[in-house]
Every structure is written in structure tokens, then in C-alpha cells.
Amino acid sequence: MIYSRIAGTGSHLPDRIVSNHDLEKVMDTSDQWIRERTGICERRWAAENVTTSDLAEKACLNAIEAADVDPAEIDLFMMGTTTPDLIFPSTACLLQKRLGLPDCGAMDVNAACSGFLYALSVADKFIRCGDAKKVLVCGAETLTNITNLQKRDTAVLFGDGAGAVVLEASEEPGILSTHIHANGNHADLLATKVGIARGWEGMEENGGKPEIVMKGNEVFKVAVRTLGRIVEETLTANGLEKADLDWLIPHQANLRIIAAMARTLDMNMDHVVVTVDRHGNTSAASVPLALDEAVRDGRIQRGDMLLLEAFGGGFTWGSALIRY
Ligand code: UT7
């Protein structure tokens, strides 16, 4: 039996830290509201000329170095992002050249905040069926490009960043299972409402760029319900109990959602990797960023049982159970 094992992790954040107090000065909001409703204290914003591929490149190089692999050995590159540099070529293709990857398959997956888990799931399948031995998987976003910084309901939530892993074929687990789902019935609750088919009107307010529109309260309720179901599905698929988990590495949208998942899993918050306080919501980047942080600071050790989960626009949701 072939499994995919995480050989190395990496991440990258832009230097600019934007605190809640910085936002108080430019919009009608308060540090107290943001902390109480979301758990966010600060987030990182990329400089104007920095793109998703720029952040992703650094995260991928860190992961390649940690895995100690030659980029020429990578035989698939999966990239989860909602903020690609261009409509096409894909961000993965743009990066393939910059990272020195061979002419392997390279593709973007657009599954909003679940993008990394979708990309990881595809990568895992390629390795399990024997079609790839080493796969680079990245989640990266410059959400500030699609956030209207005049609108407090979304402006305080999002941040920029990138995280990556190198997976390699192994006889030992590894990724035990991945689970991905979608339900397009709620597409309008969280979306950017311009595009090739709808046209580009209405972007004047956001300096000519698309903007995220979200009915936060409704998304919140569906997210908690849906994530509760997928963690159950993941444990059941592997015949495991809640107590078998060592770490929860959740999507970082809201500390209240994360805490609800910890309660569902009877897990102490000490075993939950939380970055939302410092990163805000970085969509597809949030799970690999949190994973890399906890691997590098030594909290996550080889042999630990990890549950990764995410929920986002689409709606999409996904999970992975990993023996690290
Ligand atoms: O990552 C993909 C998935 N996304 C999520 O999972 C996000 C899920 N949703 C959430 O995290 C929360 O719904 C939010 C953090 C977005 C909002 O929190 P909430 O507790 O659901 O607040 P709300 O939207 O119901 O708004 C409550 C009040 C409103 O005022 P009124 O109508 O009660 O007077 C808003 O106008 O808070 C007001 N408000 C703000 N006040 C200060 C909204 N944004 C702000 C703000 N500062 N930034």
C-alpha cells in the first residue's frame, strides 16, 4: 500500500502588520468588536506590487528546503487559490518556471477557503495510485486584492499569506484519508459577484478590483454545522475516536467557529493550532500556514495524529486525517 507522507512544510507572510487599532483609525470599527466577534488582533497585508505567486514562491521554497528534495524531482504541483495573479496561465504554471520544477502537471484549484484541502486531496490520490512520487501543494492568497477596505464587515477579516507542503510516497502512513464536498445552493452567501460571464461592472468602489461579498452571519451558522459533520465523517471513515486526535488544524476564519469545533471534538484549545489572532482569514493559505507554524515551533511531532479541516465559498468544505 502506498501512502503520501508530509516530507516538509513551509510558509510565508508579508511584512506589513495591520492591527485592529490601525483599522479603528480609518473605519467605523473597534478593537473590541473585532476581537470579540472574530478573535482577530492583527493581520498581514501584502504591498501593492506583491502578488499571490510572490507569496507562494517563498512558501514553496521553504517547504522544498524543509523536505530536502530537489525541485527537479517534483512530479505534480497543486495550488489552491482564489486570488490567482491572472485568469490564465494558472498561478501554478507561473510558479513552475520560477521554482525550477520540471514539466510536471501544474494546476490551480479554486475552492475558496477549502482550496488547500482540495489540492491536498488531489495530490494524495496521485501518490496513492502510483502516478506521482513527490507532489508540491500550496495554498496562497492576496485577499486584500479582493477586499473593499472601505467596508468594515469584510475589511477587518481578511489577510494575505501562503503555506505549502511537499508530499512524498511512503510505505508508512501518512495521509490516512481526505474528504471534499461542495454545495452550490449557497453560492450567493459568499462570493465575488463579477467575472467573465457577469462582466466587470460595479468595481469602481474597490479601485477597479472585484470585492468579496459575504452574509457573515448566515455563513457562520452553515460553517459550524457543516464542519461538525465532516469531522465526524473523517473519524468514522478511519474507525477512530475523538480521543485519538493529537491536533486540530482548522481553517482560520473565526475563533468562535474554531472553538465550536474543539468542543465538538471534546478537545482542549491547547491542542488546536490557532493563527487567526495574528493572520486573520487567509482563505486557502490558512491551514498550511497554521500547520507550518506548529511544525516549526515543535508542537507537532512525528507520529502525531492531525485533523485538518476547512469551509469556504461555494460552499466547499474538506478535511484530512494525517499521521504526521
Ligand atoms: O472563510 C470562509 C468562511 N467564512 C466564515 O466562516 C465567516 C463566518 N462569519 C463570521 O465569522 C461572522 O459572521 C462575522 C465575523 C463575519 C460577523 O460576526 P457576527 O457576529 O455574525 O456579526 P453580524 O454580521 O451579525 O453583525 C453584527 C453587527 C451589525 O450591526 P447591527 O446591524 O447589529 O447594528 C454590523 O453592522 O456588527 C456590525 N459590524 C461591525 N461593527 C464594528 C459588522 N462589522 C463590523 C465591524 N466593526 N468591523
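Letter by letter, the sequence shown follows residues 14 to 337 in the numbering used here.
A virtual CB, placed ideally from N, CA and C, is assigned to each residue, including glycine.
In DSSP terms, what residue i is bridged to
{"i": "H25", "result": "A175"}
{"i": "M92", "result": "D121, C151"}
{"i": "A333", "result": "T191, L321"}
{"i": "V235", "result": "None, per the DSSP bridge assignment."}
{"i": "R18", "result": "E181"}
{"i": "V226", "result": "A204"}
When the options are compared against residue i, the one with the closest alpha-carbon
{"i": "L240", "options": "G311, M282, R276, L68", "result": "R276"}
{"i": "L170", "options": "I193, I225, K206, D67", "result": "I225"}
{"i": "I47", "options": "D290, A323, S332", "result": "D290"}
{"i": "R29", "options": "R312, E61, H194, L268", "result": "E61"}
{"i": "E322", "options": "G221, F139, F129, D283", "result": "F129"}
{"i": "Y337", "options": "F328, A272, W260, A297", "result": "W260"}
{"i": "F328", "options": "L36, H25, L304, N196", "result": "N196"}
{"i": "C54", "options": "G293, I313, V300", "result": "G293"}
{"i": "M14", "options": "Q265, K228, A182", "result": "A182"}
{"i": "D44", "options": "I140, A80, D201, R165", "result": "R165"}
{"i": "D137", "options": "S190, H199, I209, R312", "result": "S190"}
{"i": "G311", "options": "R18, S17, T22, Y16", "result": "T22"}
{"i": "D305", "options": "A272, N123, E78", "result": "E78"}
{"i": "N251", "options": "E184, S332, G220", "result": "S332"}
{"i": "Y338", "options": "M91, T295, G229", "result": "Residue 338 is absent from the structure shown; the chain starts at 14 and stops at 337."}
{"i": "N75", "options": "A273, F324, V308", "result": "V308"}
{"i": "V82", "options": "G113, W58, L99, A59", "result": "G113"}
{"i": "R315", "options": "E214, C106, P186, A266", "result": "P186"}
{"i": "K110", "options": "D144, S127, E70, T64", "result": "E70"}
{"i": "L108", "options": "P223, L149, M280, V39", "result": "L149"}
{"i": "A266", "options": "L253, K234, E86, K222", "result": "K234"}
{"i": "E254", "options": "D279, A236, N230", "result": "D279"}
{"i": "A297", "options": "C106, V232, S127, T205", "result": "S127"}
{"i": "H264", "options": "G208, A256, T295", "result": "T295"}
{"i": "N219", "options": "D283, N230, T205", "result": "T205"}
{"i": "H25", "options": "C142, D144, L36, V178", "result": "V178"}
{"i": "R338", "options": "F324, G172, I188, A168", "result": "The structure shown has nothing for residue 338, since the chain only spans 14 to 337."}
{"i": "R59", "options": "G172, A119, I271", "result": "The sequence given here has Ala at residue 59, not Arg. The option with the nearest alpha carbon to A59 is G172."}
{"i": "V31", "options": "S17, A168, G229", "result": "A168"}
{"i": "I188", "options": "D317, G176, A72", "result": "D317"}
{"i": "I209", "options": "M282, N123, I100", "result": "I100"}
{"i": "E49", "options": "I270, A125, V207, K38", "result": "I270"}
{"i": "D88", "options": "G118, R211, G215", "result": "G118"}
{"i": "N230", "options": "M40, D283, T51", "result": "T51"}
Integer-rounded CB distance, given that residue j should sit under 8 angstroms from residue i
{"i": "L302", "j": "G174", "result": "5 angstroms"}
{"i": "W162", "j": "G326", "result": "According to the sequence as given, residue 162 is Leu; it is not Trp. With 8 angstroms as the limit, L162 and G326 do not qualify as a contact, their Cβ atoms being about 19 angstroms apart."}
{"i": "T94", "j": "D116", "result": "That belief does not hold up - the Cβ atoms of T94 and D116 are roughly 21 angstroms apart, past 8 angstroms."}
{"i": "P102", "j": "L68", "result": "So it is not a contact: roughly 18 angstroms between Cβ atoms."}
{"i": "V287", "j": "G152", "result": "Their Cβ separation, rounded to whole angstroms, is 17 angstroms, which puts V287 and G152 out of contact at 8 angstroms."}
{"i": "L180", "j": "I19", "result": "6 angstroms"}
{"i": "L258", "j": "L320", "result": "5 angstroms"}
{"i": "E245", "j": "H192", "result": "In fact, because the Cβ distance is near 11 angstroms, the residues do not count as touching under 8 angstroms."}
{"i": "T155", "j": "V63", "result": "7 angstroms"}
{"i": "I159", "j": "P223", "result": "5 angstroms"}
{"i": "V232", "j": "A273", "result": "At roughly 14 angstroms, the Cβ-Cβ gap does not stay under 8 angstroms, so V232 and A273 are not in contact."}
{"i": "H199", "j": "W330", "result": "So it is not a contact: roughly 11 angstroms between Cβ atoms."}
{"i": "S134", "j": "D98", "result": "So it is not a contact: roughly 24 angstroms between Cβ atoms."}
{"i": "E86", "j": "K147", "result": "5 angstroms"}
{"i": "A72", "j": "G176", "result": "5 angstroms"}
Beta carbon proximity, residue i to chain D, threshold 8 angstroms
{"i": "A132", "result": "Looking at the structure shown, chain D is missing, and only one protein chain is on hand."}
- What are the start and end residues of each continuous beta strand (DSSP E) run of 3 or more residues lying completely inside the segment 141–218, in chain order? Here the runs fully enclosed are 147–155, 173–183, 188–195, 203–205.
- Can you list, in chain order, the stretches of the beta strand (DSSP E) that have 3 or more residues and sit fully within the segment 252–305? Unbroken beta strand (DSSP E) stretches of 3 residues or longer found wholly inside the segment 252–305: 260–263, given in chain order.
- Message: For a minimum of 4 consecutive residues, which ranges assigned as the alpha helix (DSSP H) are wholly contained in the segment 22–80?
- Response: Within the segment 22–80, the complete alpha helix (DSSP H) runs of at least 4 residues are 33–37, 44–51, 65–80.
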